[in-house]
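As structure tokens, the structure follows; a few thoughts come after it.
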Amino acid sequence: MRMRLLENGHRLMFVASHTVHLELHTLAPISPEIIVDWCRGNSAKFITNHLTMWSANGVQFVRKREVMAIDNPSDDSFLEEEVLKLANMYGMERKEQPLKDIAQQIVDRVGRLSQGGAKKFAQVLGEEQERQLEPEQEDERERELPPPKKALRPVVLHPFVVRLAKTGAWPPHSSESDAITSFPVLFKQTTAASQIFEKDWTDRQIYLTKEFTRTVTLKADDRSDFYIRAPVWTIWLCEFEVILFISPFEVNALWDDFKKNTKVALSPVAARLRPSQTMMFESPGFCVTHVHLSPVAGSEAFLQLMLAVGTLYLGSQHELDDYIDFLGLCPHPRTEAQTRHYDAQRIAMSGFVAPESRALVAERLVQRCRFSQDPTPIARQICRLFGWAHLLPHSHAGELLDNVTRWKVELAETKK
């Protein structure tokens with residue numbers, strides 16, 4: 203919705219969850235003193251803005267009263283002209299005329315407007331609106347609408363998910379293998395399925411519940427990028443260093459059980475699309491369970507989570523450097539030795555260093571990176587499928603993926 207379409211009587215209402223409401227009260231508590239100061243400030247501002255007008259009206263009233271006491275003039279002598287006359291608002295006084303005179307007046311007026319130098323304001327306004335609407339109309343023509351699909355309704359909760367919410371038990375039994383799945387299964391029926399390779403995620407620490415992957419009914423050979431679900435809720439099992447993405451349906455159904463659990467941490471998660479944005483799982487105020495636990499910044503699980511949610515910005519220079527090493531990249535600026543390795547084709551155009559060359563290029567890549575193939579297409583496709591590929595340019599991830607450049611995170615940006 204464009205804000206300029208709002209008229210008198212229209213309003214916008216933003217609704218926040220109870221958790222966000224509590225967090226807002228924690229960050230910006232509202233006390234009676236603040237409300238009184240706000241009212242007093244508004245009153246002072248109102249008086250300041252209208253004091254000149256009130257003073258002028260008061261002087262004029264005193265002058266009229268003195269004249270009335272001395273000369274006793276008529277009431278009409280005190281009348282003043284209105285600032286805005288009715289004629290200006292509704293037009294001049296109308297009177298009956300023959301039709302031929304009215305027609306001739308219209309012809310004369312049109313003739314004057316048709317002469318050079320006359321501005322036709324209605325036409326100018328129409329052209330301006332056309333220029334403003336042209337990009338939107340072009341976007342509408344180029345936009346590919348998803349085909350209609352039948353939405354899948356949530357089924358009965360899996361017993362393993364119920365037990366996990368109550369006791370924090372992990373891993374599932376052999377008979378419960380259908381309860382969870384690996385992260386790449388989320389992209390199995392998308393156009394990026396061939397680029398998000400399963401073998402590099404077999405030993406990863408991110409899993410999904412089966413309910414999380416269920417959105418619409420698709421045939422086995424269908425490919426659709428429109429109905430993929432972005433992670434919103436995450437469970438962190440600190441003892442096993444495992445991250446589990448869970449659907450909102452499961453969170454709502456097991457909310458009370460999660461609140462009593464002391465072995466797992468249930469928190470909302472969001473990709474950082476702006477430098478100053480919080481990812482929510484890092485803040486204790488957003489945690490649902492009694493204990494606030496989250497992956498340590500720079501750890502393997504933390505970096506996997508950054509890639510899985512498609513984050514565009516890292517919180518500090520250390521996080522960005524760890525993320526680059528996690529992806530196995532050697533971006534610009536490079537040292538002379540790294541430039542020689544690039545000339546020797548040990549560093550790819552995307553900055554990726556293959557496993558056999560990591561010991562020569564940078565020893566830290568041997569320890570931090572486990573990808574056997576270039577993961578930059580994965581990161582780019584995740585951003586596209588989740589719907590914020592247009593925000594990639596000029597972001598930390600965009601400079602890294604598109605320009606193979608290491609962004610220097612300034613101190614002021616880190617403090618935001």
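The numbers in this note's numbering rise by one with no breaks, and the one at position 225 of the sequence shown is 427.
No residue lacks a Cβ here, since even glycine has one placed at the ideal position from N, Cα and C.
Among residues of its own chain, excluding the 5 on either side of G553, which ones have a beta-carbon nearer than 7 Å to its beta-carbon?
-> Locating residue 553 in the sequence shown gives position 351, where the first residue counts as 1. L531, C532, P533 and V606.
Under the rule that 16 or more other beta-carbon atoms within 10 Å means buried, what is L229, buried or exposed?
-> Mapped onto the sequence shown, residue 229 falls at position 27. Around the beta-carbon of L229, fewer than 16 other beta-carbon atoms lie within 10 Å, marking it exposed.
For my contact list, H360 and K412 are in at a C-beta cut-off of 8 Å; report their separation, rounded to the angstrom.
-> One-based indexing of the sequence shown puts residue 360 at position 158. One-based indexing of the sequence shown puts residue 412 at position 210. Confirmed, Cβ separation roughly 7 Å.
For H212, which of helix, strand or coil comes out of DSSP?
-> As a working note, residue 212 is residue 10 in the sequence shown. H212: coil per DSSP, three-state reduction.
Environment of I237 [buried if 16+ CB atoms lie within 10 Å] | Here the question's residue 237 lines up with position 35 in the sequence shown. Exposed, by the Cβ-count rule.
Do you know offhand how far L602's Cα is from Y429's?
-> Mapped onto the sequence shown, residue 602 falls at position 400. Mapped onto the sequence shown, residue 429 falls at position 227. Taking the straight line joining both Cα atoms gives about 28 Å.
Exposure label - V511; buried when at least 16 CB within 10 Å = As a first step, residue 511 is located in the sequence shown; it is residue number 309 there, counting from the start. With 16 or more Cβ atoms within 10 Å of its Cβ, V511 is classed as buried.
Could you tell me the distance, in whole angstroms, from the CA atom of R204 to the CA atom of V222?
-> Your numbering for residue 204 matches position 2 in the sequence shown. Your numbering for residue 222 matches position 20 in the sequence shown. Residue placement at R204 cannot be trusted, given a pLDDT of 43 that sits under 50; the coordinates are not used to answer.
Member of P373, T480 and D424 whose CA lies at the smallest distance from the CA of L410 | Here the question's residue 410 lines up with position 208 in the sequence shown. Looking at the Cα atoms, P373 is the closest of the given residues.
Alpha carbon of F248 to alpha carbon of A503, nearest angstrom = Numbered from its first residue, the sequence shown carries residue 248 at position 46. Numbered from its first residue, the sequence shown carries residue 503 at position 301. In a straight line, the C-alpha of F248 is about 56 Å away from that of A503.
What is the rounded straight-line gap between the Cα of V490 and the Cα of L514?
-> Along the sequence shown, read from residue 1 onward, the residue named residue 490 stands at position 288. Along the sequence shown, read from residue 1 onward, the residue named residue 514 stands at position 312. Looking at the two C-alpha atoms, the distance is approximately 25 Å.
Under the three-state reduction of DSSP, which class applies to P361: helix, strand or coil?
-> In the sequence shown, residue 361 corresponds to position 159, counting from 1. If DSSP states are grouped into helix, strand and coil, P361 belongs with the helices.
Hey, L495 and W457: beta-carbon distance below 8 Å or not?
-> Sequence index remark: in the sequence shown, residue 495 carries index 293 (1-based). Sequence index remark: in the sequence shown, residue 457 carries index 255 (1-based). No, Cβ-Cβ distance for L495 and W457 is not below 8 Å.
Whose CA, out of A591, S396 and R542, lies closest to the CA of V563?
-> On the sequence shown, position 361 is the one that residue 563 refers to. The candidate whose alpha carbon is nearest that of V563 is R542.
Go ahead and label I304 buried or exposed: buried means 16 or more other beta carbons lie within 10 angstroms of its beta carbon, across all protein chains shown.
-> Within the sequence shown, the letter at position 102 stands for residue 304. It counts as exposed.
Could you check the C-alpha separation between A367 and L468 for me, to the nearest Å?
-> On the sequence shown, position 165 is the one that residue 367 refers to. On the sequence shown, position 266 is the one that residue 468 refers to. Each residue's alpha carbon lies about 9 Å from the other.
For the alpha helix (DSSP H) holding L447, just list the boundary residues, first then last.
-> One-based indexing of the sequence shown puts residue 447 at position 245. The amino acid occupying residue 447 in the given sequence is Phe; Leu does not appear at that position. According to the DSSP assignment, F447 belongs to no alpha helix (DSSP H) but to the beta strand (DSSP E) extending over V444 to I448.
Outcome for W256 when other beta-carbon atoms lying within 10 angstroms are tallied against a minimum of 16 = For the purposes of this step, residue 256 is identified with residue 54 of the sequence shown, where counting begins at 1. With a 10 Å radius around the Cβ and a threshold of 16 neighbouring Cβ atoms, W256 comes out exposed.
So which of P595, F385, L594 and P579 has the shortest CA-CA distance to A394?
-> Here residue 394 refers to the residue found at position 192 of the sequence shown. If we check each option's Cα against that of A394, P579 comes out closest.
With DSSP as the reference, label P231 as helix, strand or coil.
-> Numbered from its first residue, the sequence shown carries residue 231 at position 29. P231 falls in the coil class under three-state DSSP.
Tell me whether F554 sits in a helix, a strand or coil according to DSSP, three-state version.
-> Position 352 of the sequence shown, counted from the start, is the residue given in the question as residue 554. In the structure shown, F554 sits in a strand (DSSP, three-state: E or B).
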